[in-house]
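> Have a look at this one before I ask anything.
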Amino acid sequence: MSEPLVLGIESSCDETSVGIVRGEHLLANEVASSVELHARFGGVVPEVASRAHLEAIGPTLRRAIETADIDLSELDAVSVTAGPGLMGSLVVGVAAAKALAACLNKPLYGLNHLVGHVAVDLLDHPDDEPARPIAKPCLALLVSGGHTQLLKVDDITGGITEVGTTIDDAAGEAYDKVARLLGLPYPGGPVIDRAAQQGDPKAIRFPRGLTAGHDMVKHRFDFSFSGLKTAVARWVETRRLSGDEVPLNDVAASFQEAVADVITAKAVAAAQFHGITHMIIGGGVAANSRLRGLLAARTASAGIELRRPRPALCTDNGAMIACLGAQVVKAGLAPSGLTIAANSGLP
Ligand code: KG4
Ligand code: ZN
């Protein structure tokens, strides 16, 4: 079989996106984000996201098909994020994918969003060069507004074990909450990242959650960010109560340092514990300058090869679901069929 032509739909959170790939080659990746609609609420409002998906899905599909310049009858499969994510958001993508697959009489695959973040690395190469295979095993570090996970990936078409997750807030959620308490706009990640570049990361020593022997005892590499968020809130409040100015840039830099320190230390420790020499990062927080820099340094000194897909492929997008779909088709897995349901809690 020639390289499979797959259209993938992603709608798990606040991005409506459609990607089209031929094997490991990216033909289109159209993204419509409702992030601005959520800004005044300081976080994603599920009902608002769901309505926005409904409005955006048709035009986004059309744009992707035009950009890829394909005839839909040539598609080998349609794939869609089945979960995890917000239920009201997922169902829009799943319904659209079912309609498309039914009309075109093509196989339909319901896929795991998190695995899509790993598969997308296959697309991160120049057009005239072949894709680099994903190492087996590799460690995936997924950090976004909805997830903070370390996954041991033996094979992206099956064989994935979670070796760490957050026990409270996701990393991006911590960024968004700290931005809010500093009076900065949503989404907080990029704003704090910029402010931090003007600040001193050593100005305030904020706590590093779950780092006191936790890993050694349980062989788990879990994260906790709610204590850090509370520590920042207390520090800022104390300053305000005593009438002192809050040094925004120093708070941003010190908070960012705590997040990057704990995430990179755990990711490297998990890779070493499991004897893994390749790591892939994904999710919106993977765009963070300090996280990328510190992870590059720490993986290099640990002899771990790091793959950092370009930021547009790190945030939620349809191309990652199309790419995973193509891998699943190549692996000969059975389609999910038209009866698949969205599953917000998909592991
Ligand atoms: O993957 P994503 O686009 O959507 C999901 O949450 O699934 O990630 C969005 C999250 C937000 O919490 C945002 O504040 C964070 O990623 N983010 C960043 C940066 N850019 C986006 N966090 C830290 N530094 C950044 N440069
Ligand atoms: Zn995601």
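The numbers in the sequence shown follow UniProt numbering, run straight up by one, and end at 347. Where a beta carbon is used, it is the ideal one built from N, C-alpha and C, also for glycine. Keep in mind the model is a prediction, meaning the values are calculated, not measured.
Using the three-state DSSP reduction, which class does Q149 fall into: helix, strand or coil?
Strand.
> Can you give the Cα-Cα distance for D169 and L27, rounded to whole angstroms?
The alpha-carbon atoms of D169 and L27 are separated by roughly 35 Å.
> Using 8 Å for Cβ pairs, my map puts F223 next to K177. What's the rounded Cβ distance?
Actually they are not in contact, since the Cβ atoms of F223 and K177 sit about 15 Å apart, beyond 8 Å.
> Would DSSP call A212 helix, strand or coil?
Correct three-state label for A212: coil.
> Find out if the Cβ-Cβ distance for the pair I340, P137 is shorter than 8 Å.
No, Cβ-Cβ distance for I340 and P137 is not below 8 Å.
> How many angstroms separate the CA atom of V80 from the CA atom of G93?
If you take the alpha carbons of V80 and G93, they lie about 7 Å apart.
> Whose C-beta lies closer than 7 Å to the C-beta of V191 among residues of the same chain, with five residues either side of it excluded?
Correct list, in chain order: A179, L184, P185.
> Just to confirm the assignment, what range does the beta strand (DSSP E) spanning H278 have?
Unbroken beta strand (DSSP E) run through H278: 278-282.
> Does the beta carbon of G146 fall short of 7 Å from some heavy atom of the ligand ZN?
Indeed, a heavy atom of the ligand ZN lies less than 7 Å from the Cβ.
> Fully enclosed by the stretch 224-265, which alpha helix (DSSP H) runs are 4 residues long or longer?
List check, alpha helix (DSSP H) in window: 226-241.
> Taking 7 Å as the cut-off, is the beta-carbon of D155 closer than that to any non-hydrogen atom of the ligand ZN?
Result no, Cβ not under 7 Å from the ligand ZN.
> Please state whether DSSP places I57 in a helix, a strand or coil.
Correct three-state label for I57: helix.
> What number of angstroms, rounded off, separates the C-alpha of V48 from the C-alpha of L306?
Roughly 36 Å separates the two Cα atoms.
> Flag this pair as touching only if the stretch 227-235 and the stretch 320-328 have three or more C-beta atom pairs under 8 Å; answer yes or no.
Counting Cβ pairs under 8 Å, fewer than three are found: no touch.
> Y186 by DSSP, collapsed to three states: which one?
Residue state, collapsed to three classes: coil.
> Any contact of the stretch 282-302 with the stretch 310-317, i.e. 3+ C-beta pairs under 8 Å?
Enough Cβ pairs lie closer than 8 Å, so yes.
> Using 8 Å as the threshold, is the stretch 109-124 in touch with the stretch 250-264, meaning 3 or more CB pairs across them?
Contact between the stretch 109-124 and the stretch 250-264 is absent, because fewer than three Cβ pairs lie under 8 Å.
> Could you tell me the alpha carbon to alpha carbon distance between K106 and P4, rounded to whole angstroms?
The alpha-carbon atoms of K106 and P4 are separated by roughly 12 Å.
> How is S73 classed by DSSP in three states: helix, strand or coil?
In this structure, S73 counts as helix in the three-state DSSP scheme.
> May I ask which residues mark the beginning and end of the beta strand (DSSP E) holding A39?
Here A39 belongs to no beta strand (DSSP E); instead the alpha helix (DSSP H) covers 35-39.
> Under 8 Å, do L150 and A302 count as touching if we go by C-beta distance?
For L150 and A302, no; Cβs fall outside 8 Å.
> Between the beta-carbon of A260 and the beta-carbon of L294, is there less than 8 Å?
Cβ atoms of A260 and L294: closer than 8 Å.
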